[in-house]
Amino acid sequence: MDLVRLSREELFWPVLAIGSNAGPEQLRRKYPLQDFPDCVIPVVQVALEDFDVVYAPYIATYGSCTATLEHSPGTVTYIFITYLTGPLMERMHATEGGYNLCRLLGLRLHVAPWSADGNVQRENNQMRNADDKTCAKEGLQVAFRSFEIRDWVYQYNHKLGCIKLPFKELGGSPVAIAAIPAERRTFPAASQVQMLTTLMTALDKTHEGPLSPLPAFGDVCEKISSKALDDWLLHLIKNSTARSAICKRLSLHAQMFFYPNCEVIADM
11 MDLVRLSREE LFWPVLAIGS NAGPEQLRRK YPLQDFPDCV IPVVQVALED
61 FDVVYAPYIA TYGSCTATLE HSPGTVTYIF ITYLTGPLME RMHATEGGYN
111 LCRLLGLRLH VAPWSADGNV QRENNQMRNA DDKTCAKEGL QVAFRSFEIR
161 DWVYQYNHKL GCIKLPFKEL GGSPVAIAAI PAERRTFPAA SQVQMLTTLM
211 TALDKTHEGP LSPLPAFGDV CEKISSKALD DWLLHLIKNS TARSAICKRL
261 SLHAQMFFYP NCEVIADM
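Quick note, in the working numbering, the sequence shown goes up one by one and the last residue is 278.
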């Protein structure tokens, strides 16, 4: 990877962390102490306007449905930004198979947002309950303050985009990750368990081709035991052929990422 082409900053590359890359356990796995003895990675909370974190059409080797970013005008999602040196960026790039490195421009990315009482979410909840026209007119800057507002950042986004599930009542829609907080969310949201249970049920109904229209998440989860889900995931973890076949079927419901100010730096 040509870091000279990437760099707009002297020391650090600002990279969004929308999923496990913000977690200490994942960062320790990617940057083992024996290989990176002096590794320090700043991880800072950010509030990103007009995007949401959704599920990708992919189940990882460890049995989780992975995350990707999706353009969602009006939504504000709370994620993280990491600042990586050149060697750390090289290593991150090597671990992001299936994800394209993108540069997102024209953003309103609030770094280290805060409020007078230290609770960003409370003020944003108040804004969410306010009149929509007032929110649109006044903008987010009235809801909280931040260390800085960035207009660009690097981001690893899944090469297929997000999964667009065929719901009976909603029609096709991306699915937001419920564990990641957001304001004015427009996509239906599901926990990891809800998403995996829904996929397991839908995939078991037919053995090939696209998925049939799906009911609401709660209706599916009530009928499936946790043991059944665990057994299914263990089967996928141990059987790479079965997992690959399922990922191929999920790709039939992929929706490519589209944001007009996105530049793909490196295809994976």
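Idealized CB from N, CA, C, for every residue including glycine.
Taking Cβ positions, are residue i and residue j nearer each other than 8 angstroms?
i	j	result
ARG195	ALA189	no
CYS272	LEU114	yes
LEU117	LEU58	yes
SER236	PRO67	no
ALA77	VAL53	no
Short of 8 angstroms in beta carbon distance, which residues of its chain neighbour residue i, apart from the five on each side in sequence? Order them along the chain.
i	result
LYS343	The first residue shown for the chain is 11 and the last is 278, placing residue 343 beyond what the model contains.
LYS233	THR211
VAL163	PRO24, VAL25, LEU26, ILE91, ARG113, LEU114, LEU117, LEU119
Taking all protein chains shown into account, decide if residue i is buried (16 or more other Cβ within 10 angstroms of its Cβ) or exposed.
i	result
ASN167	buried
GLN136	With a pLDDT of 41 at GLN136, under the threshold of 50, the modelled position of that residue is not reliable, and the figure given next carries that caveat. Exposed, since its Cβ has fewer than 16 Cβ neighbours within 10 Å.
LEU246	buried
GLY29	buried
ASN139	In this prediction, ASN139 has a pLDDT of 37, which is less than 50 and means its spatial position is unreliable; nothing more can be read from the coordinates.
ASP45	exposed
TYR72	exposed
THR105	exposed
LEU209	buried
ARG253	buried
GLU193	buried
LEU244	exposed
THR251	exposed
LEU180	exposed
PRO270	exposed
As a quick exercise: from the options, pick the residue whose alpha carbon is nearest that of residue i.
i	options	result
ILE159	PRO47, VAL56, THR208	VAL56
ASP240	GLN265, GLY219, SER261, THR207	THR207
ARG101	VAL25, GLY73, ALA70	VAL25
TRP124	SER156, CYS257, ALA104	SER156
LYS258	VAL274, PHE46, LEU221	LEU221
PRO184	HIS103, ALA238, LEU79	LEU79
GLN202	GLN36, ALA32, ILE69	ILE69
GLY33	PRO198, PHE90, MET205, ALA238	PHE90
ILE256	LEU94, CYS49, ASP214	ASP214
THR85	TYR93, MET99, ASP60	ASP60
LEU103	TRP242, ALA122, VAL50, LEU37	Rather than Leu, the amino acid found at residue 103 in this sequence is His. The shortest Cα separation from HIS103 among TRP242, ALA122, VAL50, LEU37 belongs to LEU37.
VAL121	ASP161, LEU94, LEU98	ASP161
ILE173	LEU98, LEU94, CYS75, MET99	CYS75
TYR93	ALA238, ASN31, PRO47	ASN31
Excluding the 5 residues preceding and the 5 following residue i in the sequence, name in chain order all residues of the same chain whose CB lies nearer than 7 angstroms to its CB.
i	result
PRO225	LYS178
PHE268	HIS81
PHE227	ALA200, GLN204, THR208
PHE197	ASP62, VAL64, SER82, SER183, PRO184, VAL185, ALA186
ASN249	none
LEU43	none
Which residues does DSSP pair with residue i in a beta bridge?
i	result
TYR109	HIS168
CYS75	ILE69
ALA161	The sequence given here places Asp at residue 161; Ala does not occur at that position. Paired residue(s): none; ASP161 is not in a bridge.
ILE51	Partner(s): none; ILE51 has no beta bridge.
GLU59	VAL86
PHE177	GLY181, LEU224
LEU94	TRP23
GLN265	CYS172
ILE190	According to DSSP, which records beta bridges pairwise, ILE190 is partnered with nothing at all.
LEU119	LEU58, ARG160
Could you name the residues of the same chain whose beta carbon sits closer than 6 angstroms to that of residue i, not counting the 5 residues immediately before and after it, in chain order?
i	result
GLY171	ALA264, GLN265, MET266, PHE267
VAL274	ASN110, CYS112
LEU21	none
GLU218	none
LYS40	THR105
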